[in-house]
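*Asks:*
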Amino acid sequence: MMSSLFVNEPATDFSSAANCEKMKMALEAVRRRLGKRYPLVIGGEKIETDSVLSSVNPSKPGEVVGYVAMANTEHVSQAIEAAGKAFPAWRDTDFHQRVEFLFRAAEKMRQRRFELAALIILEIGKNWREADADVTEAIDFLEYYGREMLRLGEPIGLGNIPDEKNEYSYQPRGVGVVISPWNFPLAIPTGMASAAIATGNAVILKPASQSPVIASWLVDILLDAGIPGGVINYLPGSGEQVGEFLVKSPLIQFIAFTGSKKVGLKINRLAGDTFEGQEAVKKVVMEMGGKNAIIIDSDANLDAATSGVIQSAFGYQGQKCSACSRVIVLEDIYDIFLEKLVASAKTIRIGSPEELDNFMGPLISEEALRKVERYVEIGKSEGRLVLGGERIKTPPLFSPVPPLHPHAPSLTLPACGEGRGGGTEGGRKGGGYFFSPTIFVDVPPKTRIAQEEIFGPVLSVIKVNDLSEAIAVANGTQYALTGGIYSRNRANIERAKREFRVGNLYVNRKITGAIVSRQPFGGFKMSGVGSKAGGPDYLVQFMVPRTVTENTIYDE
Numbered sequence: 002m003m004s005s006l007f008v009n010e011p012a013t014d015f016s017s018a019a020n021c022e023k024m025k026m027a028l029e030a031v032r033r034r035l036g037k038r039y040p041l042v043i044g045g046e047k048i049e050t051d052s053v054l055s056s057v058n059p060s061k062p063g064e065v066v067g068y069v070a071m072a073n074t075e076h077v078s079q080a081i082e083a084a085g086k087a088f089p090a091w092r093d094t095d096f097h098q099r100v101e102f103l104f105r106a107a108e109k110m111r112q113r114r115f116e117l118a119a120l121i122i123l124e125i126g127k128n129w130r131e132a133d134a135d136v137t138e139a140i141d142f143l144e145y146y147g148r149e150m151l152r153l154g155e156p157i158g159l160g161n162i163p164d165e166k167n168e169y170s171y172q173p174r175g176v177g178v179v180i181s182p183w184n185f186p187l188a189i190p191t192g193m194a195s196a197a198i199a200t201g202n203a204v205i206l207k208p209a210s211q212s213p214v215i216a217s218w219l220v221d222i223l224l225d226a227g228i229p230g231g232v233i234n235y236l237p238g239s240g241e242q243v244g245e246f247l248v249k250s251p252l253i254q255f256i257a258f259t260g261s262k263k264v265g266l267k268i269n270r271l272a273g274d275t276f277e278g279q280e281a282v283k284k285v286v287m288e289m290g291g292k293n294a295i296i297i298d299s300d301a302n303l304d305a306a307t308s309g310v311i312q313s314a315f316g317y318q319g320q321k322c323s324a325c326s327r328v329i330v331l332e333d334i335y336d337i338f339l340e341k342l343v344a345s346a347k348t349i350r351i352g353s354p355e356e357l358d359n360f361m362g363p364l365i366s367e368e369a370l371r372k373v374e375r376y377v378e379i380g381k382s383e384g385r386l387v388l389g390g391e392r393i394k395t396p397p398l399f400s401p402v403p404p405l406h407p408h409a410p411s412l413t414l415p416a417c418g419e420g421r422g423g424g425t426e427g428g429r430k431g432g433g434y435f436f437s438p439t440i441f442v443d444v445p446p447k448t449r450i451a452q453e454e455i456f457g458p459v460l461s462v463i464k465v466n467d468l469s470e471a472i473a474v475a476n477g478t479q480y481a482l483t484g485g486i487y488s489r490n491r492a493n494i495e496r497a498k499r500e501f502r503v504g505n506l507y508v509n510r511k512i513t514g515a516i517v518s519r520q521p522f523g524g525f526k527m528s529g530v531g532s533k534a535g536g537p538d539y540l541v542q543f544m545v546p547r548t549v550t551e552n553t554i555y556d557e
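For the sequence shown, counting from 1, position 251 maps to 252 in the numbering used here; every step adds exactly one.
This is the structure we're talking about:
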């Protein structure tokens, strides 16, 4: 048994020439595997289908990462049946043994971390550091949830009454569905699936259609770690057909979802219906997005604030539910902050994520790019465009931005050893779904670009008179996921901690990059429902509590 002490997996140091060489070799190795076929996995059996999805590289859309089998409703029924058959034995497996399987999976991810990161770079367009963080978070979920199950697995004695014994314990719910997003294609499905598996449930994983290859690799890792076939099933398919059929099934006990508000609310509505043969109310755990804001107080360190806003708004092209899409600035520093913000954004390096030094890569798809373009056109009538707003057909290579203050993280990755650059020749070609970092200023707080989730590199800057107005504007959306404040005023910081109502509030740092166990992640309002991922309450959602009371007066 591994140590019960949880320690976060360290990030890869890309200032090391050896690590850079490992990543370049991994990119080359994964590139040699492009175009493979990936079958469904139902009950441990691999199943090919006539219908196939082509998963493409968003930096080079003509390049197919993998051909993925697409499930239909017949496959859904087979997967539910396989999971149902596997569940009783898995439920009755000692929780210590279930946890060991998670630890084995974590070790397999460590051994393949560069390969996994390389696939993330190619399939969804994250840069080196972002892809590496996706892998480390997945490892953290496996390790943390395993240790959490060790804590929750033993019954708890309650009360101290003569001749009476009371025990409080948890049992798994049954067969559940994990519907995962594309923007954290390894970390989030690993977290949701491992939580369900550790607690004794059987899972059907339906990945996003933009990142099914990474999800297939995850399922292979879990099976290689010894998790029985049927306990984890891999079922890519359309949301309208496969996803809806899964959610409506009377045999499904829980649904864990991360994605858009629109889809999440539909799932919540469908899960609330009951169908013939249904024996339990379905548990729904959902994270649905945000319209996150950073407040810049009048006494803020503006260099630090600029760095934090840039990273929060434009890291992974703004394609994070935690990304900053609004910055709320007090009027007495508004002009000087804007000057710093725009100057910094102009230095962002854009290009293929296979190149080490590029900070921004492509959007995930043509559909995503067109959505951003539509919001830019809306924004032109609602605010003043001061930077960007255009598709980039051949990404320029801007000069890397220097650190903005002594402790600010760089907006580019450090060079490999003594040299510059990195990546592969395949990543140096043009094309792809690239979009410039975009800033609108003088944006009224109730306009569409300041209220609706865009999920791209579009930032709205809002001027306010004082902190009271800043907090009111920050709270004035449907969402409550992340937020931040840059301030040196202790009273203002404490007020923001009380009144800025978001699930994750950050003070004097960027608002993205929550770390498992240190910053449990999740919001409320229209940002989701359920406890925080990577926190001490998360596993409980996948179990039902039981109380057993025994009269012991007749014990001999």
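Quick reminder that beta carbons are idealized off the backbone N, C-alpha and C, glycines included.
1. Quick check: the Cα distance between residue 393 and residue 217, rounded to an integer number of angstroms?
2. In the DSSP output, what is residue 283 paired with across the bridge?
3. Between the C-alpha atoms of residue 259 and residue 539, what's the straight-line distance to the nearest angstrom?
4. Given a threshold of 16 other Cβ atoms within 10 Å of its Cβ, counted over all protein chains shown, does residue 262 qualify as buried or as exposed?
5. So residue 169 packs on residue 180, CB below 8 Å; how close in whole Å?
6. CA-CA distance, residue 280 and residue 552?
7. Could you tell me how far apart the beta carbons of residue 190 and residue 125 are, in whole angstroms, since I believe they sit closer than 8 Å?
8. Got a sec? Which residues, its chain only, sit under 7 Å from residue 12 by beta carbon, not counting five neighbours each side?
9. With distances taken from CA atoms, which of 229, 33, 122 is nearest residue 86?
10. Starting from residue 335 and walking both ways along the alpha helix (DSSP H), at which residues does that stretch end?
11. Could you check the C-alpha separation between residue 250 and residue 276 for me, to the nearest Å?
12. Suppose the cutoff is 8 Å on Cβ atoms and the five residues either side in sequence are ignored; what does the same chain contact list for residue 50 look like?
13. Out of 246, 252, 143, 46, which has the shortest C-alpha to C-alpha gap to residue 108?
14. Flag this pair as touching only if the segment 290-305 and the segment 451-459 have three or more C-beta atom pairs under 8 Å; answer yes or no.
15. Within 10 angstroms of its Cβ, does residue 555 collect 16 or more other Cβ (buried), or is it exposed?
16. Determine the DSSP secondary structure at residue 476, reduced to helix, strand or coil.
17. Which residues bound the beta strand (DSSP E) around residue 539?
18. Give the single residue among 130, 273, 547, 203 whose Cα lies nearest to the Cα of residue 357.
19. Would you kindly work out how many angstroms separate the C-alpha atoms of residue 529 and residue 521, rounded to a whole number?
20. From the DSSP output, in three-state form, read off residue 322 for me.
21. Does DSSP put residue 515 in a helix, a strand or coil?
22. For residue 258, name the three-state secondary structure that DSSP assigns.
23. Alpha carbon to alpha carbon, what distance is there between residue 366 and residue 395?
24. According to DSSP, simplified to helix, strand and coil, what is residue 165?
25. List in chain order: all unbroken beta strand (DSSP E) runs of 3+ residues lying wholly within the segment 80-114.
26. Helix, strand or coil: how does DSSP classify residue 11 here?
27. List the residues that DSSP assigns as beta-bridge partners of residue 70.
28. Does the separation of the CB atoms of residue 391 and residue 437 fall below 7 Å?
29. Check whether the Cβ atoms of residue 388 and residue 343 lie closer than 7 Å to each other.
30. How close, in whole Å, do the beta carbons of residue 464 and residue 330 come, if the pair is a contact with beta carbons under 8 Å?
31. In the DSSP assignment, the alpha helix (DSSP H) including residue 136 goes from what residue to what residue?
32. Using DSSP's beta-bridge definition, name the partner residues of residue 510.
33. Taking 6 Å as the limit between beta carbons, can you name the residues of its chain near residue 488, skipping five residues before and five after?
34. What are the boundary residues of the alpha helix (DSSP H) that includes residue 194?
*Replies:* According to the structure data:
1. For the purposes of this step, residue 393 is identified with residue 392 of the sequence shown, where counting begins at 1. For the purposes of this step, residue 217 is identified with residue 216 of the sequence shown, where counting begins at 1. Straight through space, the alpha carbons of residue 217 and residue 393 are spaced by roughly 31 Å.
2. Counted from its first residue, the sequence shown places residue 283 at position 282. Looking at the DSSP output, residue 283 sits in no beta bridge, so it has no partner there.
3. Residue mapping note: residue 259 aligns to position 258 of the sequence shown, counting from 1. Residue mapping note: residue 539 aligns to position 538 of the sequence shown, counting from 1. Rounded to whole angstroms, residue 259 to residue 539 spans 14 Å at the Cα level.
4. Along the sequence shown, one-based indexing puts residue 262 at 261. The C-beta of residue 262 has 16 or more other C-beta atoms within 10 Å across all chains shown, which makes the residue buried.
5. For the purposes of this step, residue 169 is identified with residue 168 of the sequence shown, where counting begins at 1. For the purposes of this step, residue 180 is identified with residue 179 of the sequence shown, where counting begins at 1. No, residue 169 and residue 180 are not in contact; Cβ-Cβ is about 31 Å, not under 8 Å.
6. Numbered from its first residue, the sequence shown carries residue 280 at position 279. Numbered from its first residue, the sequence shown carries residue 552 at position 551. Cα to Cα, residue 280 sits roughly 30 Å from residue 552.
7. Stepping through the sequence shown from its first residue, residue 190 is reached at position 189. Stepping through the sequence shown from its first residue, residue 125 is reached at position 124. In fact, because the Cβ distance is near 13 Å, the residues do not count as touching under 8 Å.
8. The residue labelled residue 12 in the question sits at position 11 within the sequence shown. These residues qualify, in order along the chain: 133, 134, 137.
9. By one-based count along the sequence shown, residue 86 stands at place 85. Closest option to residue 86, Cα to Cα, is 229.
10. Translated into positions along the sequence shown, residue 335 becomes position 334. Where residue 335 is concerned, the enclosing alpha helix (DSSP H) stretches over 335-347.
11. On the sequence shown, position 249 is the one that residue 250 refers to. On the sequence shown, position 275 is the one that residue 276 refers to. Computed Cα separation, rounded: 8 Å.
12. Indexing the sequence shown from 1 puts residue 50 at position 49. These residues qualify, in order along the chain: 40, 41, 70, 71, 72, 73, 76.
13. Start at 1 with the first residue of the sequence shown, and residue 108 comes out as number 107. Ranking 246, 252, 143, 46 by Cα distance to residue 108 puts 143 first.
14. Yes: the two stretches touch, three or more of their Cβ pairs being nearer than 8 Å.
15. Working through the sequence shown from its first residue, we reach residue 555 at position 554. Residue 555 should be labelled exposed.
16. Here residue 476 refers to the residue found at position 475 of the sequence shown. Three-state DSSP puts residue 476 in a helix.
17. Within the sequence shown, residue 539 is the residue found at index 538, counting from 1. Boundaries for residue 539: no beta strand (DSSP E) harbours it, and the DSSP string shows neither H nor E there.
18. In the sequence shown, residue 357 corresponds to position 356, counting from 1. Measuring C-alpha to C-alpha distances from residue 357 to each of 130, 273, 547, 203 identifies 130 as the nearest.
19. As a first step, residue 529 must be located in the sequence shown, where it is residue number 528. As a first step, residue 521 must be located in the sequence shown, where it is residue number 520. Linking residue 529 to residue 521 through their CA atoms gives a straight-line distance of about 14 Å.
20. Indexing the sequence shown from 1 puts residue 322 at position 321. Per DSSP, reduced to three states, the secondary structure at residue 322 is coil, with no helix or strand assignment.
21. As a first step, residue 515 must be located in the sequence shown, where it is residue number 514. Assignment of residue 515 by DSSP, reduced to helix, strand and coil, places it in the coil class.
22. Along the sequence shown, one-based indexing puts residue 258 at 257. Secondary structure of residue 258 (DSSP, three-state): strand.
23. As a first step, residue 395 must be located in the sequence shown, where it is residue number 394. As a first step, residue 366 must be located in the sequence shown, where it is residue number 365. A direct Cα-Cα distance of roughly 16 Å separates residue 395 from residue 366.
24. For the purposes of this step, residue 165 is taken as residue 164 along the sequence shown, with counting starting at 1. Look at residue 165 here: in three-state DSSP terms it is strand.
25. Annotation: the segment 80-114 contains no complete segment of the beta strand (DSSP E) (minimum length 3 residues).
26. For the purposes of this step, residue 11 is taken as residue 10 along the sequence shown, with counting starting at 1. Collapsing the DSSP output to three states places residue 11 in coil.
27. Here residue 70 refers to the residue found at position 69 when the sequence shown is read from its first residue. Residue 70 is bridged to 53.
28. Walking along the sequence shown from the start, residue 391 turns up at place 390. Walking along the sequence shown from the start, residue 437 turns up at place 436. Cβ distance < 7 Å, so residue 391 and residue 437 count as in contact.
29. Against the sequence shown, residue 388 aligns to sequence position 387. Against the sequence shown, residue 343 aligns to sequence position 342. Going by C-beta atoms, residue 388 is nearer than 7 Å to residue 343.
30. Sequence index remark: in the sequence shown, residue 464 carries index 463 (1-based). Sequence index remark: in the sequence shown, residue 330 carries index 329 (1-based). Indeed they touch by this definition, with Cβ atoms about 6 Å apart.
31. Counted from its first residue, the sequence shown places residue 136 at position 135. Start and end: 129-153.
32. By one-based count along the sequence shown, residue 510 stands at place 509. DSSP lists no beta-bridge partner residue for residue 510.
33. Here the question's residue 488 lines up with position 487 in the sequence shown. Cβ-Cβ distances below 6 Å link residue 488 to 298, 301, 494 in the same chain, with the five nearest sequence neighbours on each side left out; the list follows chain order.
34. Counting from one through the sequence shown, the residue named residue 194 turns up at place 193. Its alpha helix (DSSP H) spans residues 188-199.
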